Amino acid sequence: MANPASSYVWVAYAAFFLDHADPVKCRSTLRRALESLPLAEQVERANVWLALLNLEVKFGENGAKGIVAAWKEACQSCDTVKLAEAFAPNLVEAGLRDLAVSITQTLIRRNKQSLALWQLLLQLLTGADSWDKAEAELERSAAVLPVKDALVLQFSFARMLFAAGRADEARDRLNRTMESRVKRMDLWSQYIDLELSHGSTDDVRALFERLIRLPLSARQMKAIFVRYVAFEKANKDEVALAHVHAAARRYVQGQSA
Numbered sequence: 004m005a006n007p008a009s010s011y012v013w014v015a016y017a018a019f020f021l022d023h024a025d026p027v028k029c030r031s032t033l034r035r036a037l038e039s040l041p042l043a044e045q046v047e048r049a050n051v052w053l054a055l056l057n058l059e060v061k062f063g064e065n066g067a068k069g070i071v072a073a074w075k076e077a078c079q080s081c082d083t084v085k086l087a088e089a090f091a092p093n094l095v096e097a098g099l100r101d102l103a104v105s106i107t108q109t110l111i112r113r114n115k116q117s118l119a120l121w122q123l124l125l126q127l128l129t130g131a132d133s134w135d136k137a138e139a140e141l142e143r144s145a146a147v148l149p150v151k152d153a154l155v156l157q158f159s160f161a162r163m164l165f166a167a168g169r170a171d172e173a174r175d176r177l178n179r180t181m182e183s184r185v186k187r188m189d190l191w192s193q194y195i196d197l198e199l200s201h202g203s204t205d206d207v208r209a210l211f212e213r214l215i216r217l218p219l220s221a222r223q224m225k226a227i228f229v230r231y232v233a234f235e236k237a238n239k240d241e242v243a244l245a246h247v248h249a250a251a252r253r254y255v256q257g258q259s260a
């Protein structure tokens, strides 16, 4: 073999047997790869394990039981979080979303503060339109994640709601999140981005109008007006743009009084 330390070479070699309808030989080749690759080569070994897991999904003879057994074995020597992120979409594609959810929930019990796993779980649940279950998991995550990560997850969930056409629910959740974080411009900026991506022109304007009335610092207000002006310039709405400029002048005058 040209490069026995390369997972790419091993997986390509194994795929040759799969192309010739020999999953048994493909599996044995991947097992040989695991025996040959150094334990320190975590990324290379994970690539091989992912190929083995996918093989089990498509050609395994023991169904979900065989997949779970292979998964547990893989977890003994791999970064389980990264492997789960790579493997879960393949399970979903194979019609095994429930198994992907179960695997992720099990991992979370061992890695309660893994933001990546919580995000994966919400993606899996919302992808199945299980919004109530997703909300329940989101609330559960708030009790174990650091505050910073819990906020990231809240905005991730809002993004999922927007993408699914549930904009009012997303806004309601974000508004409740921001009630005690009025001065967090980093979070407001994310909210603006979500409205720009998913909201109507009126929705975006309503958010900007709300923001310019908040008790923010001059620096924060300047940042909001800059984005508001840019938004109206992009819309090429001269009347609306004049309104924003007038609001900015009133703000400056109020600060000087």
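4 is the number of the first residue of the sequence shown in this note's numbering; add one for each residue after it. Built from N, CA and C at the ideal position, the CB exists for glycine as well. Source: prediction; values computed, not measured.
Which of helix, strand or coil does DSSP assign to residue i?
i	result
arginine 48	helix
cysteine 78	helix
alanine 131	coil
serine 39	helix
proline 218	coil
serine 9	coil
aspartate 22	helix
serine 31	helix
glutamine 126	helix
alanine 146	coil
What residue range does the alpha helix (DSSP H) around residue i cover?
i	result
asparagine 65	Where asparagine 65 is concerned, there is no enclosing alpha helix (DSSP H), given that its DSSP letter is neither H nor E.
alanine 101	Here the sequence assigns aspartate to residue 101, which means alanine is not the residue at that position. Counting along the chain, the alpha helix (DSSP H) containing aspartate 101 begins and ends at 100-113.
lysine 225	221-238
glutamine 258	241-259
alanine 91	83-96
Original post:
In chain order, which continuous runs of the alpha helix (DSSP H) of length 4 or greater are located wholly inside the region 148-210?
Top reply: 150-166, 170-181, 188-201
Subject >> Inter-stretch contact at 8 Å, needing at least 3 Cβ pairs: the region 42-50 / the region 81-89 >> reply: yes
Original post:
Are three or more beta carbon pairs between the region 67-77 and the region 112-125 nearer than 8 Å?
Top reply: no
Subject >> Segment contact, 8 Å Cβ cut-off, at least three pairs: the region 214-234 with the region 182-198 >> reply: yes
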